[in-house]
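Just below is one structure, and these are the notes that go with it.
Protein chains: 2
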Amino acid sequence: MNDRQQFGRRLDFEGGRVELAHGAGGKASAQLTAELFAAAFDNPWLNAGNDAAVLALPADLAGGGGRLVLSTDGHVVSPLFFPGGDIGRLAVNGTVNDLAMLGARPLALAAAFILEEGFALAELRRIVASMAAAAREVGVAVATGDTKVVERGQADRVFITTTGVGVVPAGVAPAGDRARPGDVVLVSGTMGDHGVAIMACREGLGFETALESDCAPLNTLVTDMLAVAPDIHVLRDPTRGGLAATLNEIAQQAGVGIVINERALPIRPEVASACALLGLEPLDLANEGKLVAIVAREDAPGLLEVMRRHPRGSNAAIIGEVIADQHRFVQLVTEFGGRRIVGWLSGHPLPRIC
Amino acid sequence: MNDRQQFGRRLDFEGGRVELAHGAGGKASAQLTAELFAAAFDNPWLNAGNDAAVLALPADLAGGGGRLVLSTDGHVVSPLFFPGGDIGRLAVNGTVNDLAMLGARPLALAAAFILEEGFALAELRRIVASMAAAAREVGVAVATGDTKVVERGQADRVFITTTGVGVVPAGVAPAGDRARPGDVVLVSGTMGDHGVAIMACREGLGFETALESDCAPLNTLVTDMLAVAPDIHVLRDPTRGGLAATLNEIAQQAGVGIVINERALPIRPEVASACALLGLEPLDLANEGKLVAIVAREDAPGLLEVMRRHPRGSNAAIIGEVIADQHRFVQLVTEFGGRRIVGWLSGHPLPRIC
Numbered sequence: 015m016n017d018r019q020q021f022g023r024r025l026d027f028e029g030g031r032v033e034l035a036h037g038a039g040g041k042a043s044a045q046l047t048a049e050l051f052a053a054a055f056d057n058p059w060l061n062a063g064n065d066a067a068v069l070a071l072p073a074d075l076a077g078g079g080g081r082l083v084l085s086t087d088g089h090v091v092s093p094l095f096f097p098g099g100d101i102g103r104l105a106v107n108g109t110v111n112d113l114a115m116l117g118a119r120p121l122a123l124a125a126a127f128i129l130e131e132g133f134a135l136a137e138l139r140r141i142v143a144s145m146a147a148a149a150r151e152v153g154v155a156v157a158t159g160d161t162k163v164v165e166r167g168q169a170d171r172v173f174i175t176t177t178g179v180g181v182v183p184a185g186v187a188p189a190g191d192r193a194r195p196g197d198v199v200l201v202s203g204t205m206g207d208h209g210v211a212i213m214a215c216r217e218g219l220g221f222e223t224a225l226e227s228d229c230a231p232l233n234t235l236v237t238d239m240l241a242v243a244p245d246i247h248v249l250r251d252p253t254r255g256g257l258a259a260t261l262n263e264i265a266q267q268a269g270v271g272i273v274i275n276e277r278a279l280p281i282r283p284e285v286a287s288a289c290a291l292l293g294l295e296p297l298d299l300a301n302e303g304k305l306v307a308i309v310a311r312e313d314a315p316g317l318l319e320v321m322r323r324h325p326r327g328s329n330a331a332i333i334g335e336v337i338a339d340q341h342r343f344v345q346l347v348t349e350f351g352g353r354r355i356v357g358w359l360s361g362h363p364l365p366r367i368c
Numbered sequence: 015m016n017d018r019q020q021f022g023r024r025l026d027f028e029g030g031r032v033e034l035a036h037g038a039g040g041k042a043s044a045q046l047t048a049e050l051f052a053a054a055f056d057n058p059w060l061n062a063g064n065d066a067a068v069l070a071l072p073a074d075l076a077g078g079g080g081r082l083v084l085s086t087d088g089h090v091v092s093p094l095f096f097p098g099g100d101i102g103r104l105a106v107n108g109t110v111n112d113l114a115m116l117g118a119r120p121l122a123l124a125a126a127f128i129l130e131e132g133f134a135l136a137e138l139r140r141i142v143a144s145m146a147a148a149a150r151e152v153g154v155a156v157a158t159g160d161t162k163v164v165e166r167g168q169a170d171r172v173f174i175t176t177t178g179v180g181v182v183p184a185g186v187a188p189a190g191d192r193a194r195p196g197d198v199v200l201v202s203g204t205m206g207d208h209g210v211a212i213m214a215c216r217e218g219l220g221f222e223t224a225l226e227s228d229c230a231p232l233n234t235l236v237t238d239m240l241a242v243a244p245d246i247h248v249l250r251d252p253t254r255g256g257l258a259a260t261l262n263e264i265a266q267q268a269g270v271g272i273v274i275n276e277r278a279l280p281i282r283p284e285v286a287s288a289c290a291l292l293g294l295e296p297l298d299l300a301n302e303g304k305l306v307a308i309v310a311r312e313d314a315p316g317l318l319e320v321m322r323r324h325p326r327g328s329n330a331a332i333i334g335e336v337i338a339d340q341h342r343f344v345q346l347v348t349e350f351g352g353r354r355i356v357g358w359l360s361g362h363p364l365p366r367i368c
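Chains A and B are the protein sequences, given in the same order. Quick note: the first sequence uses this note's numbering, first residue 15, plus one each step. Quick note: the second sequence uses this note's numbering, first residue 15, plus one each step.
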């Protein structure tokens, strides 16, 4: 906006609330965009005030060989603020990570807000500030967006859909259907931290040790990994549905079986205790800053070393292998040496975990 | 998905309802994606089953000079089905049109669904089928997506955020800040049809003449327009907030005044009557298949002719001009020759119009 003073009285971020007019497309909408979104996400695309962002094409794409990646995720997590993160940070990192799982670096993000009439502007500002900080950390702009407001009781406070466009370098092509018998399965760190942090928060449990979400961007970890192993077969972030769902998806896509070892799985003791207390299964729990990689056996040792050197991969581990299996089963070798089938979400569904 | 039979019993699209498990990331989520979304949007990106779509770069972009456009819009319209369209068709065309307003042709769409637990699968399927048809009409794929489910009462049935990535040819650069004194303002057809159709539907008014939303894609109209006038200064679709908000936004962005003539404004008689009855102002009402173009005076006659030859522009008209005005006012010359300032959304806000 050329003139920040055009709206008369500024928005009241202390006691103000979201009003239907903020979503009506008139002056109040423009004011919310200018004084909240454009101010926080400060970048030339948003400041231009158009309904879309026009992006220059990066040189490696213009030169040919590169490909674009498009990914979208709705975020409805409850509570909005939790130990280790909030819906805003989750919304940015979730999409950055979806791009990273295709080997892509983020080019720009779009953010669409659905707000409930009466939602406190102070909370909205806190969420938007957190998104802006997360975007700066990654070095990507929230280049365009949209805001809708629905009547009180027709949505729960705030839902955020973030969409990212990214660029994949030539020669990089991780995909779920590329897992092959003999490949090795790695994870970048402890499983279940996000899911347990949210559930503990909801249940009002006060654990002595802090249970925090692992909400974090994985783009630089992936860059380091691709530098030593450009032909990673599969990269996936085990979010909703956890490692269990992710491995089952891959087994289905690739038409293979996967065997993992319980002993090798990195799980924080406090997460294991909380799971026991809440009746949850760590393998079903969402992660928001972890990845699964499936690679040719000869690539695994070098990759593990690089992952462990990265701050987001210090607990990385080789957890299992891909086998030929026409049933496409995911199996767990238990600590006692038995085997069980790992189903898709063997526990009860956990709504609004992300 | 490689194996459509993997889920056992198929989804019940007659009596079934959305369950929390459909959003939990496990087998039920995968089943909804496979049997509903991937089946309807049928394309290689969705069928690949990854969390993002990898898009080959079009030749004109790879050759240099072209730019990418990113646009996102949340859709919360109520009712979900209305004369002339539904939330699905709106979600596709809204984003296609946002891209078109930058002169871009759509490359791919992403769709994120937020569903209320208990929403009928039959209605969801109808909406998704409508999106798929709208996407086919435009020739663009819904290449990636996401589904979240929130508990009953925490959202109103279904919200859809669509995001599009498009390509702008070299030399095309319409933008809100390019309106110049002396430029001419055109609209592509009648104003207010969508807004009145929705409001009439909500109020349960049975008009003798059918009031239909104008919901339609504008991409081919824009292609025809750019062919005769590549240097269109501004292109905007007057959706939420209507023509009044759109012209005020442009006046603010460009630092100019705009004068339009009431006599020249195309408005259907039935829309005018409904507005009188409902206490609405046609200039504030949303359009979902119309555009405003601002061009150099010498380009206007040729452009008008081309617009009128296109099925979506048969009622196109020159409605006013851009003037120098440090106050950045939008003025209406009334039918009686008087002048009044056109404010941003002079009537009451109309929630959930799109």
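All C-beta atoms in this analysis are idealised placements derived from N, C-alpha and C, irrespective of residue type, glycine included.
Open item on the list: Along the chain, where does the alpha helix (DSSP H) containing I281/A start, and where does it finish?
Closed with: Locating residue 281/A in the first sequence gives position 267, where the first residue counts as 1. Per DSSP, I281/A belongs to no alpha helix (DSSP H) and is neither H nor E.
Problem - For D238/A, the first and last residue of its enclosing alpha helix (DSSP H) - result: By one-based count along the first sequence, residue 238/A stands at place 224. Looking at the DSSP string, the run of the alpha helix (DSSP H) that includes D238/A is 233 to 242.
According to DSSP, residues forming a beta bridge with I308/B
In the second sequence, the residue the question calls residue 308/B occupies position 294. DSSP lists V199/B, V248/B as partners of I308/B.
Pick from S92/A, L232/A, E335/A that is closest to R311/A, judged by C-alpha positions: Within the first sequence, the letter at position 297 stands for residue 311/A. Per the Cα distances, E335/A.
Inset, instruction - Please compile the residues from chain B whose C-beta is within a distance smaller than 7 Å of the C-beta of T158/A. - result: As a working mapping, residue 158/A is identified with position 144 in the first sequence. Result: L84, S85, T86.
By how many angstroms is the C-alpha of R81/B removed from the C-alpha of I212/B?
Start at 1 with the first residue of the second sequence, and residue 212/B comes out as number 198. Start at 1 with the first residue of the second sequence, and residue 81/B comes out as number 67. Cα-Cα distance, rounded: 36 Å.
From the beta carbon of V142/B, is the nearest beta carbon of chain A less than 7 Å away?
On the second sequence, residue 142/B is found 128 positions in, with the first residue counted as 1. Not closer than 7 Å to any Cβ of chain A, the Cβ of V142/B fails to qualify, so no.
> In this structure, what does DSSP give as the bridge partners for F173/B?
Replying inline: Position 159 of the second sequence, counted from the start, is the residue given in the question as residue 173/B. I128/B.
- Considering only residues of the same chain and omitting the five flanking positions on each side of Q257/A, which have a CB-CB separation below 6 Å? Reading the first sequence from its first residue, position 243 is the one you call residue 257/A. Looking at the sequence provided, one finds Leu at residue 257/A rather than Gln. The answer, listed in chain order, is M205, L297.
(Q) Below 6 Å, is the gap between the Cβ of G185/A and the nearest heavy atom of the ligand HEM? (A) The model on display carries no ligand, and the ligand HEM is accordingly not part of it.
Have a look at the DSSP bridge pairing and note the partners of D26/B.
Taking the second sequence and counting its residues from 1, the one referred to as residue 26/B is at position 12. Paired residues: none, contrary to the question.
Who are the near neighbours of N111/A in its chain, counting only those whose CB is closer than 7 Å to its CB and skipping five residues on each side? Locating residue 111/A in the first sequence gives position 97, counting from the first residue. Here the set comprises P231, L232, D251.
How would you list, in chain order, the residues of chain B whose beta-carbon sits under 9 Å from the beta-carbon of K304/A?
Sequence index remark: in the first sequence, residue 304/A carries index 290 (1-based). The premise fails here: K304/A is roughly 14 Å from chain B at the closest Cβ pair, so nothing lies under 9 Å.
Contact residues within the stretch 44 to 73 of chain B, judged by C-beta distance below 7 Å to chain A: A44, A62, G63, N64, D65, A66, A67, V68, L69, A70, L71
message: The alpha helix (DSSP H) that contains R323/B, what's its start and end?
response: As a first step, residue 323/B is located in the second sequence; it is residue number 309 there, counting from the start. Unbroken alpha helix (DSSP H) run through R323/B: 314 to 323.
Express the C-alpha separation of E276/A and A288/A in angstroms, rounding to a whole number.
As a position in the first sequence, residue 288/A is number 274, starting the count at 1. As a position in the first sequence, residue 276/A is number 262, starting the count at 1. Approximately 18 Å between the Cα atoms of the pair.
*Quick one: what's got a C-beta closer than 7 Å to P195/B's C-beta in the same chain, skipping five residues either side?*
One-based indexing of the second sequence puts residue 195/B at position 181. Excluding positions up to five away in sequence, the list reads V270, V336, I337, A338.
- Are the C-beta atoms of L232/B and some chain A residue less than 7 Å apart? Stepping through the second sequence from its first residue, residue 232/B is reached at position 218. Chain A, which has no Cβ nearer than 7 Å to the Cβ of L232/B, makes this no.
Q. Helix, strand or coil for H341/B per DSSP?
A. Taking the second sequence and counting its residues from 1, the one referred to as residue 341/B is at position 327. Looking at H341/B - three-state DSSP - the assignment turns out to be coil, as it is neither helix nor strand.
TODO: Could you tell me the boundaries of the beta strand (DSSP E) in which H89/A lies?
DONE: Within the first sequence, the letter at position 75 stands for residue 89/A. Where H89/A is concerned, the enclosing beta strand (DSSP E) stretches over 81 to 89.
Compute the beta-carbon to beta-carbon distance between R366/A and V90/A, rounded to the nearest angstrom, for a pair I have assumed lies under 8 Å. Taking the first sequence and counting its residues from 1, one reaches residue 366/A at position 352. Taking the first sequence and counting its residues from 1, one reaches residue 90/A at position 76. About 5 Å; that satisfies the 8 Å criterion.
Check your understanding: What's the gap between the Cα of N57/A and the Cα of L34/A?
Key -> Sequence index remark: in the first sequence, residue 57/A carries index 43 (1-based). Sequence index remark: in the first sequence, residue 34/A carries index 20 (1-based). Answer to the nearest angstrom: the Cα atoms are 27 Å apart.
| query | In this structure, does DSSP put A134/A in helix, strand or coil? | reply | On the first sequence, residue 134/A is found 120 positions in, with the first residue counted as 1. Strand at A134/A.
- Query: Which word fits T177/B, buried or exposed, when buried means at least 16 other C-beta atoms lie within 10 angstroms of its C-beta?
  - Reply: Translated into positions along the second sequence, residue 177/B becomes position 163. The residue is buried, with at least 16 neighbouring Cβ atoms inside 10 Å.
### Interface flag, P365/A vs chain B, CB-CB below 7 Å
Counting from one through the first sequence, the residue named residue 365/A turns up at place 351. Yes, its Cβ sits closer than 7 Å to a Cβ of chain B.
| field | 8 Å Cβ cut-off: residues of chain A touching G255/B | value | Locating residue 255/B in the second sequence gives position 241, where the first residue counts as 1. By Cβ distance, chain A contributes A38, G39, G40, S43.
Quiz item: Can you tell me where the beta strand (DSSP E) with G159/A in it begins and where it stops?
Solution: The residue you call residue 159/A lines up with position 145 of the first sequence. Start and end: 156 to 164.
- Task: Let me know the secondary structure DSSP gives L364/B once reduced to three states.
- Result: As a working note, residue 364/B is residue 350 in the second sequence. Coil.
Rounded to the nearest angstrom, how far is the Cβ of N301/A from that of D228/A, given a contact under 8 Å?
The residue labelled residue 301/A in the question sits at position 287 within the first sequence. The residue labelled residue 228/A in the question sits at position 214 within the first sequence. About 6 Å separates the two Cβ atoms, so the contact holds.
Notebook entry, point to check: What are the partner residues of A273/A, as DSSP defines its beta bridges?
Noted result: On the first sequence, position 259 is the one that residue 273/A refers to. Looking at the sequence itself, residue 273/A is Val, so the reference to Ala does not match. Bridge partners of V273/A: E335/A, Q345/A.
Counting only Cβ pairs nearer than 8 Å, list the residues of chain B close to A124/A. As a first step, residue 124/A must be located in the first sequence, where it is residue number 110. What A124/A touches in chain B: L84, S85, T86, T177.
| task | Scan the stretch 276 to 294 of chain B for residues whose Cβ lies nearer than 8 Å to a Cβ of chain A and list them as they occur along the chain. | result | none
### Three CB pairs or more closer than 8 Å across the stretch 104 to 119 of chain A and the stretch 143 to 162 of chain A
yes
Can you name, in chain order, every residue of its own chain whose Cβ lies under 6 Å from the Cβ of D245/A, other than the five neighbours on each side?
-> What you label residue 245/A is simply residue 231 of the first sequence in a count that begins at 1. Here the set comprises nothing.
Any C-beta of chain B within less than 7 Å: which residues of the stretch 102 to 113 of chain A qualify?
D112, L113
Opposing strand residues paired with R354/A [DSSP bridges]
Here residue 354/A refers to the residue found at position 340 of the first sequence. Its beta-bridge partners are L346/A.
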